[in-house]
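Which chain is which? The protein sequence lines are G and D, in order.
Number 425 in the numbering used here belongs to position 425 of the first sequence; there are no gaps in the numbering.
Number 1124 in the numbering used here belongs to position 124 of the second sequence; there are no gaps in the numbering.
Beta carbons: idealized from backbone N, C-alpha and C, even for Gly.
These figures come from a predicted structure and were not determined experimentally.
One structure below.
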Amino acid sequence: MPGLGTSFGRGAMTTALWDVANADVVVFMGSNAAENHPIALKWFLRAKQKGATVICVDPRYTRTASKADWWIPFRSGTDIAVLGGLINYAITHDKIHREYVVKYTNASLLVHPDFRFDDGLFSGWNEATGKYDQATWAFQTGPDGQPLADPTLEHPQCVFQHIKRIYAPYTPEKVSEISGIPVAEFIRFAETVCATGAPGKSAVFTYAMGWTQHTKGVQNIRTATILQMLLGNIGVAGGGIAALRGHANVQGATDLAVLYHDLPGYLGQPNEGHQSLQDFLAKTTTRNSYWENKPKFLISLLKAWWGEHATAANDYCFDYLPKMATSETYSHYDIFQSILDGRVKGLVVVGQNPAVGSANARKVQAALAKLDWLVVSDLFLNETSEFWKLEGMNPAEIQTEVILLPAAGPLEKEGSFTNTHRLIQWKHKMIEPMGQAHSDGWYMVQIGKRLKQLYAGSTAAKDLPIKHLVWDYDDPNNPDEFDHLKVLKEINGYDTTTGAPVTGFGALKDDGTTACGCWIYSGIYPEEGVNKADARLRAAPNRPDGWTEARADGSADYLHLGWGFAWPANRRVIYNRASADPTGRPWSKVPLVWWNEAEAKWAGVDVPDMLPVAPDQVHALGVRGDSPFIMKPWGLGGIWGPLPDGPLPVHYEPKESPTPNLLYRKQGTIPTMKIYDSEFDVWGDPQRFPYVATTYRLTEHLTSGVMTRTLPYLAEAFPRHFCEIPRELAQLKGIRNGDWVEVESARGKVRVQAMVTNRLRPLRVGGRETYVIGLPIHWGPKSGHVQGDITNTLTPQAVDVNVQIQESKVFLADLRKVEVGG
Amino acid sequence: MNLNRRAFLKLSGVSAASAAVLLFAEEREALARDLKASRITRAREVPSVCPHCSVGCGLIGYVREGQLVQVEGNPDSPINEGSLCPKGAATMQFAYDGVGRPNPLRQLTAKIRRPGSDRWEEIGIDEALDRIAQRIKETRDAGFVEKNADGLVVNRAESIAHIGSACIDNEECYLITKLMRALGVVYLEHHARI
């Protein structure tokens, strides 16, 4: 989540669900929590119960909207226009929390004098390469290397003046014209949200895939982070950005870097520009922040992986790590393109169903048929392992060898999940794996052991990373499982001399005497036999209705510090230093942390997110005691945040849009967006495909449905696929509720049943009536008790440059009634 | 507990709209009625976490004589305080379809689909793992990029990709990252990207 990482320093939800009950305003935008995170909704409704205003900004009247005080429909893909309008409103109506902005963010810093923004493009754009040169986006620094700043925020080159200028055109009228939100309604929305710009007031913004699945997904999130910092709403009770992640362990799988660009704990995957450990560290370590400790974390990781073979003399085996080509990305969609291109020949898929779950699904299926081999580990058969049975496939012509491993189910194994608010919780095995099933971890251990045997006789340099890999995870008590606690201890870190676990990442060293698999998780297994993920000490309820709420005197452990373990260092609300004023006194209505003058240390209801330095002192790492964002340079929140697509978010239209960009004439879509070159990557225009289509999930199902259409209760609860159609459009097209319709995009067609509703409304966009239609994504033709067409047949592989997530929340489609159907 | 239709709906908090489409077989209701509250008496409680969305609701599995007899929301969990959504309330069906009968869709053996074939064949787990390791080695060795055009060591196994997963445990994810990076795999991804 580079959106949050760029702004605050860590790519994770800033708050904990328990804390959102303290909010004065709750905004759901890009999240339909009632359906996709149903139990989480309770905490937002507790805020409402305590007097908060709950607003749902969504193209559809969702179940979340039904629980909110107020639903604001808008056109999918115009989030930055709306949020940019709020930024403009906050600045022009002087609603910002000035002291927070000046002291805690980089708003006062001066940007390079040559920085420009002109008609949709930032300075440094290179048309030939399709990339920005970011030189003019840098801060000005003095001879001492410290940034130049103007605490009055008046200097024309300071960040604040740039955002004031860039968002000035985002007037209520312009926002309305782009998004379809009436002017008066937008102003009321702005007034409500911006009222939290005062100390002691807070708003929480909640998002999920509704913000990420766009060609400018990261910038959607960045816009909200800027607004929230201007209002002083990050790190305070009831504030923050609640990023509701999709799957049970998507946060954990990200922390542990099952991602091409990263190493565990966000250390970054080196590329071929990094030819030595020192070179990599010099080029990638963020100075004047807690990241100055990165060498300790990386060397400890290399020690965990290559043990005694990793020495100071050989750069701790840094050479063993694969180095990415600087000109390439290796993302999800690159994988399928590279299979079609003949580069990738073998694919391992664990617990995932890309033949249904990935955008432009026909392209993904065609790619699978070109593989030499495919390994799938899953509980159930799915459209990925059985792609060769899909419509249009001729098995006789498909040379792919497919091996299916029966995976142990979630109730059949030990291990931990990291939830959406970074809380790591241990799961105990309820029953033995069914049939011959084994855990995916055991399969990985076994495959690794076999590979080590196969390479045992090799002396080739390329095989040393496998030969030397520390890979000893057999469970002495059970040959059919691996030793979970041994892996957990390695993730936590240990002393390489004594073998004893380290107590936390503060104990990690850069001299090879500690090993650590994921530094941010350090402290989870602080001593032999102590598994903090399994801690189950819940705070006592302090309300008659049985929950624990925050108290103004700081007496309630409402963040449940004894339940599970949250990274980093068991902090529940990160950046909580910002809940106190620059001198260390809480300025939020309920306190999170404070400077204890008598004992000369930080204390709090939460674990303080601060270096051990007094508010008026500067820590040796360059972070001041009055700067809360310790992972960012000088501890300052990144209102200004250079990313490959710009230092600030501005409005662009989706790749497929019914309207030109009404703010920037020259630049319609985001210039850095990536699209692919194959026969499957084709695009629709509004003449041929007049409707805006969006995709979503339902309470009863999860993504491609393999974990839900296979469970009878859920298959019965929501058996059929459908397309949600506004009543006015249905009338226009002669479609009645329950009719079969064909939805078509440039990439393909699906047949589903019509659900004609008032939950989608015609919107007035650019002076024209615009219709949005919606389709859930949970059906496939082969798996489960109930089947249906694959929605992702329609969606495009147009992806964000930062994270390569596809724009499946908005594309163009046509719709017609068909007489026959299933 | 008695998992009849009403209890399930209450437990899952689904709206009246979806109640209309939620139709249970008579047979399942009858079975559930017979079990009543007696189901969890003398059962061992095993705490776990829901495998569906990212909220992290606590589960309690009730295990009696090695048999899982019920899965409920964990009332001690400060996240869900005992409640579950429809998906969470259905987690027992990952193992059992209804009462005591294995979910018939679960894959319980390893299988192979050979090139050009239109069917699966059963194979043993060990044989499957041997085959996988062999194929990884042969594909890696054939497509390995040890140095780039400039002669710099890059150690990339570009011919192999790994996808998944956000549905498995941290310890498993760590093992995947560690093994794949040691092999030189650069095409390494999971759900977060989609």
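I need the boundaries of the beta strand (DSSP E) containing residue i, first residue and last residue.
i	result
Glu1072 of chain D	Gln1067 to Gly1073
Glu185 of chain G	Careful: Glu185 of chain G lies outside any beta strand (DSSP E), inside the alpha helix (DSSP H) at Val183 to Cys194.
Trp426 of chain G	Leu423 to Lys427
Asn576 of chain G	No beta strand (DSSP E) contains Asn576 of chain G, which DSSP labels as neither H nor E.
Met755 of chain G	Gly748 to Thr757
Ile1160 of chain D	Val1153 to Ile1163
Ala813 of chain G	Phe811 to Val818
For residue i, which residues of its own chain have a beta-carbon under 7 Å away from its beta-carbon, when the five flanking residues on both sides are left out?
i	result
Thr6 of chain G	Arg222, Gly638, Gly641 and Leu643
Asn1103 of chain D	Gln1093, Phe1094, Ala1095, Tyr1096 and Asp1097
Report all residues from its chain with a CB closer than 8 Å to the CB of residue i; omit the five preceding and five following residues, and keep chain order.
i	result
Leu347 of chain G	Ile335, Ile339, Leu368, Leu371, Trp373, Leu374 and Val375
Arg1140 of chain D	Ala1157, Ser1159, Ile1160, Leu1183 and Gly1184
Lys303 of chain G	Ala310, Tyr316, Thr496, Gly512, Thr514, Ala515 and Cys516
Leu508 of chain G	Asn293, Lys296, Phe297, Ser300, Gly493, Val502, Thr514, Cys516, Trp519 and Ser522
Ala754 of chain G	Phe722, Cys723, Ile725, Ala730, Ile735, Arg736, Asn737, Gly738, Asp739, Trp740, Val741 and Lys817
Expressed to the nearest angstrom, what Euclidean distance is found between the alpha-carbon atoms of residue i and residue j?
i	j	result
Phe1094 of chain D	Ser377 of chain G	15 Å
Phe811 of chain G	Phe122 of chain G	26 Å
Pro615 of chain G	Asp510 of chain G	29 Å
Gln251 of chain G	Trp43 of chain G	20 Å
Pro199 of chain G	Lys95 of chain G	11 Å
Gly85 of chain G	Ala237 of chain G	25 Å
Thr284 of chain G	Pro568 of chain G	21 Å
Phe565 of chain G	Asp69 of chain G	34 Å
Gly748 of chain G	Val741 of chain G	14 Å
Gly767 of chain G	Ala90 of chain G	27 Å
Ala550 of chain G	Ala23 of chain G	11 Å
Ala243 of chain G	Leu1152 of chain D	40 Å
Pro151 of chain G	Ser108 of chain G	5 Å
Ala600 of chain G	Glu272 of chain G	46 Å
Val344 of chain G	Tyr330 of chain G	11 Å
Ile39 of chain G	Pro658 of chain G	36 Å
Arg538 of chain G	Val803 of chain G	37 Å
Asp814 of chain G	Val743 of chain G	6 Å
Val607 of chain G	Lys782 of chain G	49 Å
Leu4 of chain G	Ala578 of chain G	16 Å
Thr286 of chain G	Trp211 of chain G	27 Å
Asp1118 of chain D	Glu716 of chain G	30 Å
Leu1011 of chain D	Pro1086 of chain D	With a pLDDT of 45 at Leu1011 of chain D, under the threshold of 50, the predicted position of this residue should be treated as unreliable, though the coordinate-derived value follows. Their backbone Cα atoms lie some 7 Å apart in a straight line.
Glu397 of chain G	Pro1115 of chain D	8 Å
Leu263 of chain G	Tyr525 of chain G	20 Å
Can you name, in chain order, every residue of its own chain whose Cβ lies under 6 Å from the Cβ of residue i, other than the five neighbours on each side?
i	result
Gly833 of chain G	Beyond the ends of chain G as shown, which are 1 and 822, falls residue 833 of chain G; an answer cannot be given.
Leu1188 of chain D	His1162 and Met1180
Phe387 of chain G	Ala355, Gln365 and Leu368
Leu404 of chain G	Val376 and Ser385
Measure how close the beta-carbons of residue i and residue j come, nearest whole angstrom, since I'm counting them as under 8 Å.
i	j	result
Ile805 of chain G	Ile1112 of chain D	Between Ile1112 of chain D and Ile805 of chain G the Cβ distance is about 34 Å, and since that is not below 8 Å, they are no contact.
Arg865 of chain G	Ala1133 of chain D	Only positions 1 to 822 of chain G appear in this structure, which leaves residue 865 of chain G out of reach.
Ala1043 of chain D	Tyr1062 of chain D	4 Å
Ala540 of chain G	Thr548 of chain G	7 Å
Arg571 of chain G	Asp626 of chain G	Wrong, their Cβ atoms sit about 19 Å apart, outside the cutoff.
Taking the continuous alpha helix (DSSP H) assigned at residue i, which residues delimit it?
i	result
Val587 of chain G	In the sequence as presented, Val is not what sits at residue 587 of chain G; that position holds Trp. Note, Trp587 of chain G: premise wrong, no alpha helix (DSSP H); not H, not E.
Met29 of chain G	Looking at the DSSP string, Met29 of chain G is not in any alpha helix (DSSP H); the run it does join, the beta strand (DSSP E), is Val25 to Met29.
Asp279 of chain G	Leu277 to Thr284
Tyr100 of chain G	Arg98 to Tyr104
Gly523 of chain G	No alpha helix (DSSP H) contains Gly523 of chain G, which DSSP labels as neither H nor E.
Val356 of chain G	Pro354 to Gly357
Asp334 of chain G	His332 to Leu340
Cys1173 of chain D	Asn1170 to Leu1183
Ser66 of chain G	Arg63 to Lys67
Trp211 of chain G	Met209 to Thr212
Asp480 of chain G	Asp480 of chain G -> not in any alpha helix (DSSP H); beta strand (DSSP E) instead, spanning Asn478 to Phe482.
Could you pull the DSSP bridge partners for residue i from this structure?
i	result
Asn126 of chain G	G:Lys131
His438 of chain G	G:Ala407
Pro1047 of chain D	D:Ile1060
Ile72 of chain G	G:Val57
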